[in-house]
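Each residue of the sequence shown is one higher than the one before, counting from 1 in the numbering used here.
Note that beta-carbon positions come from the ideal geometry of N, C-alpha and C, so glycine has one too.
Keep in mind that this is a model prediction, so the values were computed, not measured.
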Amino acid sequence: MWTIEAMQQLLGPLFPGLMGVRITGLAPDKVSAELTVRPELCTSGGILHGGAYMAFADTLGAVGTVLNLPQGKRTTTTDSSTKFIGGAKVGSTITAESIALHRGRTTMVWQTSIHSAEGKLCAVVTQTQLVLD
Numbered sequence: 001m002w003t004i005e006a007m008q009q010l011l012g013p014l015f016p017g018l019m020g021v022r023i024t025g026l027a028p029d030k031v032s033a034e035l036t037v038r039p040e041l042c043t044s045g046g047i048l049h050g051g052a053y054m055a056f057a058d059t060l061g062a063v064g065t066v067l068n069l070p071q072g073k074r075t076t077t078t079d080s081s082t083k084f085i086g087g088a089k090v091g092s093t094i095t096a097e098s099i100a101l102h103r104g105r106t107t108m109v110w111q112t113s114i115h116s117a118e119g120k121l122c123a124v125v126t127q128t129q130l131v132l133d
């Protein structure tokens, strides 16, 4: 059983740790996290870069899959679709919730909603994770 602390420790030395992803909730069917929008994650206009939204969401979907993996299995993203809806300004903190749409034996599908500090929807990301031996 994964704890938030153990998952954060796993992510710390990896790209999600570099981005500053902070896990705030873990359940087999839902993962939540937050991210502070730093200048190095932004476009020249001081708005969070689209790739940062995608990487944030990809992390949550992967974490959700890891929570559901049988012993000895691993995962990789096979497909991801992002709808950009609004922006997040530098200095703000965004939040995300990823919910399981499908948790199967060979694939899992997660949908992540990312919100601004004001609660406005910024992006929706749907991804498929492959379960590997």
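Excluding residues up to 5 positions away in sequence, M108, V109 lie with their Cβ nearer than 8 Å to the Cβ of H102 in the same chain.
By the neighbour-count criterion, in which a residue is buried when 16 or more other Cβ atoms sit within 10 angstroms of its Cβ, A6 is exposed.
Shown here for C122: same chain residues with a beta carbon closer than 7 Å to its own, the five before and five after excluded, namely Y53, I85, G86, G87, A88, I94, I114, H115, S116 in chain order. For S98, the closest C-alpha among the options S32, K83, H49 is that of S32. For the pair H49 and L41, the Cα-to-Cα distance works out to about 6 Å. In the three-state scheme derived from DSSP, where H, G and I count as helix and E and B as strand, Q9 is classed as helix.
Collapsing the DSSP output to three states places L60 in a helix. With 16 or more neighbouring CB atoms inside 10 Å of its own CB, L26 falls in the buried class. Annotated three-state conformation of M54 is helix, per DSSP.
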